[in-house]
Amino acid sequence: MAIQQTFLMVKPDGVKRQVVGDIVDRFERRGFELKGAKLMNITKELAEKHYAEHAERPFFGELVEFITSGPVFAMVWEGENVIALARLMMGATNPAESAPGTIRGDYATTVAENIIHGSDSLASAEREIGLFFGEEGLVK
Ligand code: YYY
Ligand code: MG
Numbered sequence: 006m007a008i009q010q011t012f013l014m015v016k017p018d019g020v021k022r023q024v025v026g027d028i029v030d031r032f033e034r035r036g037f038e039l040k041g042a043k044l045m046n047i048t049k050e051l052a053e054k055h056y057a058e059h060a061e062r063p064f065f066g067e068l069v070e071f072i073t074s075g076p077v078f079a080m081v082w083e084g085e086n087v088i089a090l091a092r093l094m095m096g097a098t099n100p101a102e103s104a105p106g107t108i109r110g111d112y113a114t115t116v117a118e119n120i121i122h123g124s125d126s127l128a129s130a131e132r133e134i135g136l137f138f139g140e141e142g143l144v145k
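Per the working numbering, the sequence shown starts with residue 6, numbered consecutively.
Spelled out as structure tokens, the structure:
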């Protein structure tokens, strides 16, 4: 395995529910290192770029509307195998299938509002970190 970076984002439902602190705590306790973080509003343009792979899906319009509906908490985390481990800690995309103890399994019940985003591969992590932070947006 290798030291990787991944892009994670607490979605507007998670910010409203005030679970940012718990989510940061989970990744700190696991031993990952926070390299960048910001509370921000996402423009429609950024949302459409971020979710470009889903542009043809029937839920795309609602997804863009939801992710731009309020502030998100965007983060970059670094550590051993962090891309796959963060996905495990998040739980299944559909909270109906997310195990208790995972972030979605603890906080969500519907796929449309599932609390957190996390990169699903090395390529998407690099792309998403670039979109939201760029090189200069991260600590050394
Ligand atoms: O990466 P992840 O967030 O776990 O799932 P994706 O398949 O990439 O879908 C992105 C996002 O789209 C998902 O978190 C919720 C939403 N979505 C939806 O609203 N309805 C679906 N049937 C599938 C996904
Ligand atoms: Mg995805």
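Yeah, the Cβ is synthetic: ideal placement off N, Cα and C, and Gly gets one too.
Treat the numbers as computed from the prediction; the structure is a model and nothing was measured.
One Cα belongs to Val-29, the other to Ala-113, and the distance between them is close to 17 Å. By the CB criterion at 7 Å, Leu-13 and Ala-104 fall outside the cutoff. Pro-63 carries a coil assignment under DSSP once its states are collapsed to helix, strand and coil.
For Val-116, the Cβ falls inside the 6 Å cut-off from some heavy atom of the ligand YYY.
With a contact defined as Cβ atoms closer than 8 Å, His-55 and Leu-136 qualify at about 6 Å. Val-29 carries a helical assignment under DSSP once its states are collapsed to helix, strand and coil. As DSSP reads the structure, Val-87 sits in no beta bridge.
For Phe-137, the enclosing alpha helix (DSSP H) covers residues 127-137. Phe-78 is bridged by DSSP to Val-15, Leu-44. For Gly-123, the enclosing beta strand (DSSP E) covers residues 121-123.
The three-state reading of DSSP puts Leu-143 in coil, since its state is none of H, G, I, E or B. In summary, Ser-124 is buried, with 16 or more beta-carbon neighbours lying within 10 Å of its beta-carbon over all protein chains present.
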